[in-house]
Amino acid sequence: MPGTPVRPSLRQQPMVTMTRQLFLCALLLLGSFSLQAATGPDQAAVASAHPAATVAGEETLAHGGNAFDAAVAVSAALAVVEPYSSGLGGGGFFLLRQAGEQPSYRFLDARERAPLAAHSDMYRRKGKIQPELSLDGPLAAAIPGLPAALVELAQRYGRLPLKDSLLPAIRLARDGVSYDRIYRERARWRLAAMRDDPETARIFLHKGEIPNEFGLLRQPDLARTLERIARDGKAGFYSGETARKLVDGVRKAGGIWTLRDLSEYRVVERNPLRFQLANGRELISAPPPSAGGIAIAQSLAMLQQLPWQKAEPVQRTHYVVEALRRAYRDRGLIGDPDFISNPAPQLLDRAYLKQLAQSIDPQRATPSSSLPPAGKLHEGNHTTHFTVLDADGNAVSATLSINLPFGAAFVAPGTGVLLNDEMDDFAADIEGANAYGLTGSRANAVDAGKRPLSSMSPTFIESQEDFASFGTPGGSRIPSMVLLAILQYLDGQPIASWPSVARYHHQYLPDVIEHEPNTFSTKQIVDLKARGYQLKALNRQYGNQQVLFWHKQNNLVEAASDPRGIGTAQVIKKQAGAKPE
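Letter by letter, the sequence shown follows residues -37 to -1, 1 to 544 in mature numbering (1 follows the signal peptide of the UniProt record, and there is no 0).
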């Protein structure tokens, strides 16, 4: 059953030796967790998209780390075992809950930044935009943020030295991790681009072809890069040997990075988006430069004014799609808050959201072309996610990315660092669309040092009774996937259903409902078309949601991992006789 705690097998985890598993169990039996605070759940949980990363988080908790230390370990492990989804050459968002009688929330923006030499016409040749330049190769790469985030988490929030939390990832990079079906599938999608870069092909392919399943991916250069970060912190990546190799490799291949780009990178702590829901619940999610948190808040606010819970399936789908249509329309007004003034207060204004809900015809689809301009009142893009909760009640929900699978398919020689292609998340052409079909906007135009707009939406919902964490990869579909999982939670469904619920998506333009295979019955498709919808059945499932739930009344913790992926969710109970540190 999805979400049932299952420890990864040795076949799945060749690098997890029997000795290590016995040692981890011994630590747990000795009660290595700190005594919970009065506000803590007395249990811990880790859910991630890969078994090795979940084990890395468990191991770190067992060694006395808190949720933030475990987040470092999981992030770094994912950078090794999921090179198609995240890595040291990418970035991400970290939503933090600091435990206490009155918990506090932090949001770490480790989104990549455009190089200082970037400009709005950098992908234009002979007057025409060349989309491939923002997708493949070093010119597509923005300055990575993940290494700085790992250091920030460890130094400001963690209990353990950074080097301790990075040990599992270093071991995975050095000893190897099995190629699995997800790796081989993603590599097949990006095979041509990966073949174009000799270093990428050398590390991630076998003689230019997709590696066989259950062979080992070993990354000694990446292990050495991680070791420099473990030893020197931020300087171990953003200056010194690693920085020189990154810049030399990028520039020799036609990129525009400089040592100054790296040395000036900073993680930005922002106020998380907070929005009051019904029944004493509060949504805590990603603020700009993410558009996802606002879209989720808007959609929930509209649905609160509609009878979605009592509706039969087609009617419920209709309400959800119309809410998403209006929320995604407003996406074009959002951009890097360090560069533009974001209209978040206006977009989350109760009067505005009420009018959006009132504009929904209960029976007919609203053509996107008929909606008024974004943000106006009526007059009259591959990614990974994980979540961690410790026994004290500290929590992390983090979404990490290098954009398309295997990013820019470029590795600077000697670093093992696969670079992102997040520059495509900018509006390289404000009249066109990016790789995820999202239309451009001036608010998200390329600019030196700017962070591109994102759909990543790590999210908490908290009340006096419970706490829940949500998040998934999936490009432009992230907010709709998180919304569908939240609706399962609000509807009182078991946690296993949150990440497994059938998925559908509408993003304003194109004006079509995309959906997974078998999401709708034949009759439901006929009914939706009769309401005026166009539908597009995808040939595969999408997303990889990781969730957890803490029932505060009985201190029960649950976690679940998306059955579409290979991830695992583990709940770790504090052993009887545990003693405080």
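C-beta: ideal position from N, C-alpha, C; glycine also.
What span of residues does the beta strand (DSSP E) with A358 cover, start to end?
358 to 364
T531, DSSP secondary structure in three states
strand
Please give the ranges of any alpha helix (DSSP H) in the segment 449 to 503, keeping only runs that are unbroken, at least 4 residues long and fully inside the region.
460 to 463, 485 to 493
Ordered along the chain, which non-local residues of its own chain (more than five positions away) have a Cβ less than 6 Å from that of residue 633?
The question about residue 633 has no answer, for the chain in this structure spans -37 to 544.
Could you tell me which residues DSSP pairs with E232 in its beta bridges?
L71
According to DSSP, is P526 part of a helix, a strand, or is it coil?
coil
Using a 10 Å radius around the Cβ and a threshold of 16 neighbouring Cβ atoms, would you call S(-6) buried or exposed?
Per-residue confidence for S(-6) stands at a pLDDT of 37, beneath the threshold of 50, marking its modelled position as unreliable; no derived number is given.
Exposed or buried, which one is K486 when buried takes at least 16 other CB atoms within 10 Å?
exposed
Looking at S97 and D474, is the spacing between their C-beta atoms short of 8 Å?
no
Among R229, R194, T188, P276, which has the Cα closest to the Cα of A209?
In the sequence under discussion, the amino acid at residue 209 is Leu, which differs from the Ala named in the question. Looking at the Cα atoms, T188 is the closest of the given residues.
Would you kindly report the start and end of the unbroken alpha helix (DSSP H) that includes F167?
161 to 167
C-alpha distance - V44 paired with G528, whole-angstrom precision:
13 Å
If you scan the segment 57 to 131 from start to end, which runs of the alpha helix (DSSP H) of 4 or more residues do you find wholly inside it?
109 to 119
If you measure between the beta carbons of M85 and V409, is that distance less than 8 Å?
yes
Considering V43, what are the terminal residues of the alpha helix (DSSP H) in which it resides?
30 to 44
So the candidates are R165, A216, A39; which of them puts its Cα closest to the Cα of P131?
A39
Host alpha helix (DSSP H) of E148 (start-end)
144 to 152
Stretch-stretch touch, CB-based, cutoff 8 Å, three pairs: the segment 489 to 507 with the segment 95 to 109:
no
Output yes or no for whether 8 Å exceeds the beta carbon distance between S322 and G55.
no
Three-state class that DSSP yields for H281 in the structure shown
helix
Would you mind stating whether V380 and L125 have Cβ atoms separated by less than 8 Å?
no
Just mark A155 as buried or exposed, buried being the case when its beta carbon has 16 or more other beta carbons within 10 Å.
exposed
Contact defined as beta carbons within less than 8 Å: I believe A431 pairs with I424. What is the distance between those atoms, to the nearest angstrom?
5 Å
Which partner residues of G54 appear in the DSSP bridge assignment?
S364
Quick one: grab the DSSP three-state call for V445.
helix
Is the beta carbon of A241 closer than 8 Å to that of Y291?
no
Output the boundary residues of the alpha helix (DSSP H) element that contains I192.
183 to 195
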